[in-house]
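Here is the structure we will look at, set down as structure tokens.
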Amino acid sequence: MNIENIELRWNLIGNGLKELNRSKILNLLNDYYNTDKKLKGIIKEYQLNLKPTQVVKAFPPFMTELKCPYDGARMLQKLPSRTFPEIMTRKEYCPKCGHKNMEMCRCDNCIEEEKSKRKKCRELIERTYSQENHEKILLSLLSLKDRLYLSALLRATLSEDAKEIKPIKLKENKLAPTKEMEKDILNYLIDRQIIKVAPDSPLEAFPEDGPNYPNTYYIYKVNYLINVQDENLDHEELLKRLEYPSAEEFLSAPEECLILWKEIAYQEVIEFLIYRMDAVGFKFSPGKKTRLVIGQLLKNFSASQIWYFIYISVAYSYQWRRESGVSWKQGANSVITGIETRGQRAIAEEWEVKSFSRNFNLPASQLALVLYNSILQLGSNGYMKVPSKEIIQEKLEKL
Ligand SMILES: [Zn+2]
Ligand SMILES: [Zn+2]
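Residue numbering for the sequence shown is 4 to 402, as defined by this note's numbering.
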């Protein structure tokens with residue numbers, strides 16, 4: 004380090020060096036940075052009353068080219084330790100206001116700026132997502148799927164004061180059998196404008212460097228408001244209708260109802276499949292083939308019967324892999340084939356297929372609870388029975 008070229012701030016020299024004159028200090032700095040002299044030797048040579056750890060700290064700071072963004076003063080920097088010169092952890096700082104050239108600076112100016120920036124963001128978010136800016140969807144226009152999804156979402160995430168949907172609650176409450184479906188439901192309701200971002204959502208939910216702030220947001224971090232209305236209902240009454248949709252409306256549309264039932268049954272099967280694959284160490288993410296196979300099986304079997312096929316098939320494939328030494332991938336692939344074959348044989352040979360009860364580690368999701376209990380009124384038969392239009396019609400007749 005060329006000491007001559009550094010613009011030192013002599014008046015800020017630390018105690019313990021103040022007694023030395025400038026040329027002595029320049030020699031000392033030169034000895035420290037540009038020779039192999041030991042620090043202890045230097046202390047002795049210059050008769051310093053300092054411990055080795057105090058020496059560098061007592062060096063005068065130097066002027067940098069950087070100017071303080073708040074007051075234009077030239078920022079200073081402490082001299083580095085020669086042991087770790089590359090770590091310039093001592094950031095430039097302003098001698099006037101104390102601002103440090105770092106992201107985490109907490110000087111008065113930075114705190115003030117942060118405050119006003121947050122205030123601006125808050126205003127922008129509130130303006131962008133103000134309720135006056137958009138129209139609400141009429142309750143009568145919601146499809147059964149809309150209603151089912153919204154009901155499950157409300158049950159899983161409605162705030163204590165019943166005003167906002169808080170996805171943060173999904174950490175404890177299970178909305179759908181799989182995380183994939185959970186995300187799909189949120190996106191579906193957002194796209195259909197059935198739920199809207201709440202203007203008081205936390206600032207952290209909007210990435211600052213996102214394009215056209217604050218129109219981009221994290222779907223699990225914002226809060227939502229229900230964007231549905233019915234002129235004849237007040238908020239409380241409307242909420243009741245949305246949270247507890249009428250079974251009759253669903254059962255009166257058996258075709259549509261069956262599609263929903265099958266979709267949830269499919270998701271419950273996938274959930275169990277992923278769970279079992281994971282349990283034996285098979286890496287797996289369901290693709291088209293899986294969807295086809297499970298969809299086909301659901302025509303003849305209940306979710307709980309397919310859970311049984313899964314259990315057996317995973318166990319066999321795992322054992323086969325261990326004994327024959329095929330790859331993990333081959334082992335995992337053979338599971339789907341196994342499930343398919345077992346299903347086909349069960350039909351051909353008229354097996355009495357065992358039902359599996361719900362796995363203790365995979366509790367029912369809100370979606371399944373709304374559909375099986377409140378709408379189909381089947382309870383655990385929701386996953387124990389083969390989804391069928393007849394069952395739906397029977398239930399309708401009994402209403
Ligand atoms: Zn400053
Ligand atoms: Zn600062």
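Think of the CB as a built atom: it goes at the ideal place given N, C-alpha and C, for glycine as much as any other residue.
Residue i lies in the alpha helix (DSSP H); which residues open and close that run?
i	result
residue 311	306-327
residue 55	55-61
residue 113	111-131
residue 338	331-351
residue 159	147-160
residue 384	384-387
residue 293	291-300
residue 43	42-48
residue 179	Counting along the chain, residue 179 falls outside any alpha helix (DSSP H), and DSSP gives it neither H nor E.
residue 410	The structure shown has nothing for residue 410, since the chain only spans 4 to 402.
Check the DSSP bridge columns for residue i and list the partner residues they point to.
i	result
residue 2	What is shown of the chain runs 4 to 402, which leaves residue 2 out entirely.
residue 198	229
residue 96	79, 103
residue 277	Note: residue 277 sits in no beta bridge, so no partner.
residue 141	232
residue 168	161, 227
residue 11	65
Check for me: the beta strand (DSSP E) holding residue i runs from which residue to which?
i	result
residue 393	It is not in any beta strand (DSSP E) - residue 393 instead sits in the alpha helix (DSSP H) that spans 392-401.
residue 69	65-70
residue 79	77-80
Note down the Cα distance separating residue i from residue j, rounded to an integer number of angstroms.
i	j	result
residue 154	residue 102	52 Å
residue 21	residue 52	11 Å
residue 35	residue 85	8 Å
residue 277	residue 337	14 Å
residue 265	residue 149	16 Å
residue 12	residue 66	7 Å
residue 55	residue 96	24 Å
residue 384	residue 235	36 Å
residue 295	residue 152	24 Å
residue 279	residue 396	34 Å
residue 403	residue 200	Nothing can be reported for residue 403: it is not among the residues displayed for the chain, which extend from 4 to 402.
residue 59	residue 93	12 Å
residue 208	residue 288	29 Å
residue 2	residue 131	Residue 2 falls outside the range modelled here, since the chain spans only 4 to 402, and no answer is possible.
residue 48	residue 33	13 Å
residue 161	residue 198	12 Å
residue 392	residue 212	50 Å
residue 401	residue 394	11 Å
residue 173	residue 371	15 Å
residue 76	residue 68	10 Å
residue 386	residue 129	44 Å
residue 191	residue 217	20 Å
residue 120	residue 114	10 Å
residue 311	residue 232	44 Å
residue 326	residue 332	15 Å
residue 17	residue 44	20 Å
residue 196	residue 381	31 Å
residue 243	residue 224	25 Å
residue 374	residue 177	14 Å
residue 41	residue 26	20 Å
residue 106	residue 6	29 Å
residue 245	residue 346	38 Å
residue 343	residue 300	8 Å
residue 239	residue 228	14 Å
residue 139	residue 145	12 Å
residue 321	residue 399	44 Å
residue 271	residue 335	19 Å
residue 257	residue 117	56 Å
residue 286	residue 169	32 Å
residue 290	residue 351	26 Å
Answer with yes or no whether the minimum CB distance from residue i to chain D is below 8 Å.
i	result
residue 121	The structure shown contains no chain D; it is built from a single protein chain.
Can we count residue i as close to ligand 4, meaning its CB is less than 7 Å from some heavy atom?
i	result
residue 39	Looking at this structure, you won't find ligand 4 anywhere; what it does contain is ligand 1 and ligand 2.
message: List, from N- to C-terminal side, the beta strand (DSSP E) runs of 3 residues or more that fit wholly inside the region 222-275.
response: If we require 3 residues or more, the beta strand (DSSP E) runs fully inside the region 222-275 come out as 227-229.
task: Can you list the residues near ligand 2, meaning Cβ strictly closer than 6 Å to any non-hydrogen atom, in the order they appear in the chain?
output: Checking every Cβ against the heavy atoms of ligand 2 under 6 Å gives 102, 103, 108, 110, 112, 113.
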